[in-house]
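Peer 1:
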Amino acid sequence: MHIHIGASRTGKAIKITGSRSLTLRNILRVAKHVKGMDIIGIIDCHSPEVLQELKELKHDGYLQELEDGGLSIDGLTLIPGAEIEINDEHCKGPIHVLVYMPSLAAMENLSGWLTPRMKNIHLSSQRMYGSARELQEFVKDLGGLFIPAHIFTPFKSLYGKGVAFSLTEILDPAMIDGVELGLSSNTEMASRLEELSPFAFLTNSDAHSLEKIAREYQMLSLKEPTFKEFKMALQEKNGREIIANYGLNPYLGKYYNSVCEACLKVYLPNSENCVKCGSRKFIKGVNDRINELQGTGTTKSKRNRPPYIHQIPLEFIPGLGPKSLVKMREAIGTDMDIIHSSTEDQLKEIVKPAIAEQILSARDGNLSVQIGGGGAYGKVMVNHPSKSKK
70 MHIHIGASRT GKAIKITGSR SLTLRNILRV AKHVKGMDII GIIDCHSPEV
120 LQELKELKHD GYLQELEDGG LSIDGLTLIP GAEIEINDEH CKGPIHVLVY
170 MPSLAAMENL SGWLTPRMKN IHLSSQRMYG SARELQEFVK DLGGLFIPAH
220 IFTPFKSLYG KGVAFSLTEI LDPAMIDGVE LGLSSNTEMA SRLEELSPFA
270 FLTNSDAHSL EKIAREYQML SLKEPTFKEF KMALQEKNGR EIIANYGLNP
320 YLGKYYNSVC EACLKVYLPN SENCVKCGSR KFIKGVNDRI NELQGTGTTK
370 SKRNRPPYIH QIPLEFIPGL GPKSLVKMRE AIGTDMDIIH SSTEDQLKEI
420 VKPAIAEQIL SARDGNLSVQ IGGGGAYGKV MVNHPSKSKK
């Protein structure tokens, strides 16, 4: 539900840090036929060029707007969204939020409203000049969903630097539909904060390349793949719900540990200076930030949550190269098929036994990982199975 567009069909940059291969059509193809997704959210649909391409796809009959919201394209449902940066007078630092709209008309209204409030409406994740609550109210007036993005990451997130202690410093909780956990946290960690108990947890990939699509995702119980049903799942109404969150082991995330800003040496608690280079500047990791927030008097949430399943993306498997990955997809199916249901015999027909065992061990949660931090991913340790289960 968090996929960026790197470039428009005319080649103009949308997400500057995104791959140029992240075009709308490539995303739709890979999400369905390579990754095995049923519903996706593209969060740069406010950009006028993206909107125009979507409207032309509708005019040509390739895209249909669903009665209950969402866009149906070749059996895949697209929920149009936008990622917006907020840094109003109440923020301690910039935060990113995701908004989703039920229709192209609603997204066009949002784009028009944002245009005079942004320096460049064509680009992704741009700062909005206005208040967070003003944005929340406008989104709700359009029937949209409002979800703070990657809430614990050190940069441009709600708890990273946006607030001192509570989301109420910036946002109206009554107009929040869920929160996105982001890299380096999971349900157990986020549940330490009682103020998050009213909200559904989303696990999204924040994809900046085609291969990163479905690095993280959620399994939903819906009657049909529509915006309305997705909204009910977030609210846990009428039997709709999130069945499971699939995401990286937090140790594999880029921001789990606190590290020295200068040399990326892991920060030692209570140290005033880096033990390696002497710097006094540190990037606070997600684990330390959550511990800090929990220490302000909040208590662990008692809400019943769906399981969080630590998933190792195929590109993280040691020794699995692009050519072997293509062969597996051709022989077995989508990444969802390979990760969740492929057999040992199927895998060993295509890749070396050691790689097959790594894939199966990853499915069972039996791989050890090297902890990441400071913007560097953790790593799967070859031939070092972990005793801990997923």
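In the working numbering, the protein residues as written are 70 to 459. Think of the CB as a built atom: it goes at the ideal place given N, C-alpha and C, for glycine as much as any other residue.
Count the C-beta pairs between the stretch 202-215 and the stretch 233-249 that are closer than 8 Å, then say yes if the count reaches three, no if not.
Peer 2: Yes: the two stretches touch, three or more of their Cβ pairs being nearer than 8 Å.
Peer 1: Is it true that the CB of Leu-291 sits closer than 8 Å to the CB of Glu-285?
Peer 2: Translated into the one-based positions of the sequence shown, residue 285 becomes position 216. Translated into the one-based positions of the sequence shown, residue 291 becomes position 222. Not closer than 8 Å, so no.
Peer 1: Please check the pair His-71 and Asn-273, which I expect to be a contact at CB under 8 Å, by giving their CB distance rounded to whole angstroms.
Peer 2: To locate residue 71, count along the sequence shown from 1; it is residue 2. To locate residue 273, count along the sequence shown from 1; it is residue 204. Their Cβ separation, rounded to whole angstroms, is 4 Å, which keeps His-71 and Asn-273 in contact under 8 Å.
Peer 1: What span of residues does the beta strand (DSSP E) with Asn-314 cover, start to end?
Peer 2: Here residue 314 is taken as the residue at index 245 of the sequence shown, counted from 1. Per DSSP, Asn-314 belongs to the beta strand (DSSP E) from 310-316.
Peer 1: Can you find the residues in the same chain that come closer than 7 Å, C-beta to C-beta, to Ile-64, ignoring five residues on each side of it along the sequence?
Peer 2: This structure gives no information on residue 64, because the portion of the chain shown stretches from 70 to 459.
Peer 1: Would you kindly check if the distance between the Cβ of Met-405 and the Cβ of Lys-104 is under 8 Å?
Peer 2: Counting from 1 along the sequence shown, the entry for residue 104 is found at position 35. Counting from 1 along the sequence shown, the entry for residue 405 is found at position 336. Yes; because the gap between Cβ atoms is below 8 Å, this pair is in contact.
Peer 1: For a quick check, are the C-beta atoms of Ile-419 and Ser-393 less than 8 Å apart?
Peer 2: Taking the sequence shown and counting its residues from 1, the one referred to as residue 419 is at position 350. Taking the sequence shown and counting its residues from 1, the one referred to as residue 393 is at position 324. Cβ distance < 8 Å, so Ile-419 and Ser-393 count as in contact.
Peer 1: Classify Val-344: buried if its beta carbon has 16 or more other beta carbons within 10 angstroms, exposed otherwise.
Peer 2: Here residue 344 refers to the residue found at position 275 when the sequence shown is read from its first residue. Its Cβ having fewer than 16 others within 10 Å, Val-344 is exposed.
Peer 1: Out of curiosity, what's the CA-to-CA distance linking Ser-455 and Asn-435?
Peer 2: Walking along the sequence shown from the start, residue 455 turns up at place 386. Walking along the sequence shown from the start, residue 435 turns up at place 366. Model confidence at Ser-455 stands at a pLDDT of 45, short of 50, so the residue's coordinates are unreliable and nothing is read from them.
Peer 1: Nearest to Glu-177 by CA position, among Gln-121, Thr-412, Ile-155, is which residue?
Peer 2: For the purposes of this step, residue 177 is taken as the residue at position 108 of the sequence shown. Closest by alpha carbon: Gln-121.
Peer 1: How far does the alpha helix (DSSP H) with Ala-233 in it reach, from first residue to last?
Peer 2: For the purposes of this step, residue 233 is taken as residue 164 along the sequence shown, with counting starting at 1. Looking at the DSSP string, Ala-233 is not in any alpha helix (DSSP H), and its letter there is neither H nor E.
Peer 1: Tell me whether the stretch 316-328 and the stretch 132-143 touch, counting them as touching only if at least three CB pairs, one residue from each stretch, are closer than 8 Å.
Peer 2: Taking 8 Å as the limit for Cβ pairs, the verdict is that the stretch 132-143 does not touch the stretch 316-328.
Peer 1: Can you name the start and end residues of the beta strand (DSSP E) that Pro-217 belongs to?
Peer 2: Reading the sequence shown from its first residue, position 148 is the one you call residue 217. 214-217 is the extent of the beta strand (DSSP E) around Pro-217.
Peer 1: In whole angstroms, what separates the C-alpha of Glu-293 from that of Asp-107?
Peer 2: To locate residue 293, count along the sequence shown from 1; it is residue 224. To locate residue 107, count along the sequence shown from 1; it is residue 38. Spanning the two alpha carbons is a distance of roughly 10 Å.
Peer 1: Taking the straight line between their C-alpha atoms, what separation do you get for Asp-275 and Lys-84?
Peer 2: The residue you call residue 275 lines up with position 206 of the sequence shown. The residue you call residue 84 lines up with position 15 of the sequence shown. Spanning the two alpha carbons is a distance of roughly 11 Å.
Peer 1: Using 8 Å as the threshold, is the C-beta distance between Leu-91 and Gly-75 below it?
Peer 2: Working through the sequence shown from its first residue, we reach residue 91 at position 22. Working through the sequence shown from its first residue, we reach residue 75 at position 6. For Leu-91 and Gly-75, yes; Cβs fall inside 8 Å.
Peer 1: Between the beta-carbon of Ile-239 and the beta-carbon of His-159, is there less than 8 Å?
Peer 2: Translated into positions along the sequence shown, residue 239 becomes position 170. Translated into positions along the sequence shown, residue 159 becomes position 90. Yes, they are a contact pair.
Peer 1: Please name the residue in Gly-162, Gly-199, Asn-156, Leu-126 whose C-alpha comes closest to that of Leu-147.
Peer 2: Locating residue 147 in the sequence shown gives position 78, where the first residue counts as 1. Looking at the Cα atoms, Leu-126 is the closest of the given residues.
Peer 1: From the DSSP output, which residues share a beta bridge with Thr-141?
Peer 2: The count along the sequence shown starts at 1 and reaches residue 141 at position 72. In the sequence on display, residue 141 carries Ser and not Thr. Its beta-bridge partners are Gln-133, Thr-146.
Peer 1: Relative to the C-alpha of Ile-428, which candidate in Gly-444, Ile-440, Ser-411, Gly-144 has its C-alpha closest?
Peer 2: Looking up residue 428 in the sequence shown gives position 359. Nearest of Gly-444, Ile-440, Ser-411, Gly-144 to Ile-428, Cα basis: Ser-411.
Peer 1: Output needed for Lys-161: all residues of its chain with C-beta closer than 7 Å, excluding positions within five of it in sequence on either side, in chain order.
Peer 2: Along the sequence shown, one-based indexing puts residue 161 at 92. Excluding sequence neighbours, Lys-161 sits near Lys-230, Gly-231, Val-232, Ala-233.
Peer 1: Just to confirm my understanding: we take Lys-448, look at its own chain, exclude 5 residues before and 5 after, and list those with CB closer than 6 Å. What are they?
Peer 2: Taking the first residue of the sequence shown as 1, we reach residue 448 at position 379. Cβ within range, chain order: Gln-439.
Peer 1: Can you check which of these residues, Glu-118, Glu-152, Arg-309, Tyr-169, is closest to His-191 by C-alpha distance?
Peer 2: Along the sequence shown, one-based indexing puts residue 191 at 122. Comparing Cα positions, the closest option is Glu-118.
Peer 1: Going by the CB atoms, is the gap between Thr-256 and Phe-270 shorter than 8 Å?
Peer 2: As a first step, residue 270 must be located in the sequence shown, where it is residue number 201. As a first step, residue 256 must be located in the sequence shown, where it is residue number 187. A contact, by the Cβ cut-off of 8 Å.
Peer 1: Taking the CB atoms as reference points, tell me whether Pro-163 and Ser-254 lie closer together than 8 Å.
Peer 2: Your numbering for residue 163 matches position 94 in the sequence shown. Your numbering for residue 254 matches position 185 in the sequence shown. No, the pair does not count as a contact, with Cβ atoms beyond the cut-off.
Peer 1: With respect to the alpha helix (DSSP H) encompassing Ile-401, which residues constitute its N-terminal and C-terminal limits?
Peer 2: Residue numbering aside, residue 401 sits at position 332 when the sequence shown is read from its first letter. Segment 391-401, the alpha helix (DSSP H) holding Ile-401.
Peer 1: Mapping DSSP to helix, strand and coil, what is Gln-427?
Peer 2: Taking the sequence shown and counting its residues from 1, one reaches residue 427 at position 358. Of the three classes helix, strand and coil, the one that applies to Gln-427 here is helix, per DSSP.
Peer 1: Go to Gln-287, then tell me how far its beta strand (DSSP E) extends in each direction, as first and last residue.
Peer 2: Stepping through the sequence shown from its first residue, residue 287 is reached at position 218. Gln-287 -> beta strand (DSSP E) spans 286-290.
Peer 1: Report, in whole angstroms, the separation of the C-beta atoms of Tyr-228 and Lys-323, which I expect to be a contact under 8 Å.
Peer 2: Translated into the one-based positions of the sequence shown, residue 228 becomes position 159. Translated into the one-based positions of the sequence shown, residue 323 becomes position 254. With a Cβ gap of about 16 Å, Tyr-228 and Lys-323 do not count as contacting.
Peer 1: What separation, rounded to the nearest whole angstrom, lies between the Cα atoms of Glu-305 and Met-258?
Peer 2: In the sequence shown, counting from the first residue as 1, residue 305 sits at position 236. In the sequence shown, counting from the first residue as 1, residue 258 sits at position 189. Glu-305 and Met-258: Cα-Cα distance of roughly 21 Å.
Peer 1: Taking DSSP as the reference, what is the three-state secondary structure of Met-187?
Peer 2: Taking the sequence shown and counting its residues from 1, the one referred to as residue 187 is at position 118. Reduced to three states, the DSSP call for Met-187 is coil.
Peer 1: Helix, strand or coil: which one does DSSP assign to Leu-126?
Peer 2: Translated into positions along the sequence shown, residue 126 becomes position 57. Note: Leu-126 maps to helix in three-state DSSP.
Peer 1: So for Leu-436, helix, strand or coil by DSSP?
Peer 2: Counting from 1 along the sequence shown, the entry for residue 436 is found at position 367. In the structure shown, Leu-436 sits in a strand (DSSP, three-state: E or B).
Peer 1: Is Asn-326 helix, strand or coil when you go by DSSP?
Peer 2: Position 257 of the sequence shown, counted from the start, is the residue given in the question as residue 326. Reduced to three states, the DSSP call for Asn-326 is strand.
Peer 1: Just to confirm, are Tyr-336 and Gln-380 a CB contact at a threshold of 8 Å?
Peer 2: Translated into the one-based positions of the sequence shown, residue 336 becomes position 267. Translated into the one-based positions of the sequence shown, residue 380 becomes position 311. Their beta carbons are not under 8 Å apart, which means Tyr-336 does not touch Gln-380 by this criterion.
Peer 1: In terms of alpha-carbon separation, which member of Ala-175, Glu-341, Leu-167, Ser-437 lies closest to Phe-385?
Peer 2: For the purposes of this step, residue 385 is taken as residue 316 along the sequence shown, with counting starting at 1. Here the closest residue by C-alpha is Ser-437.
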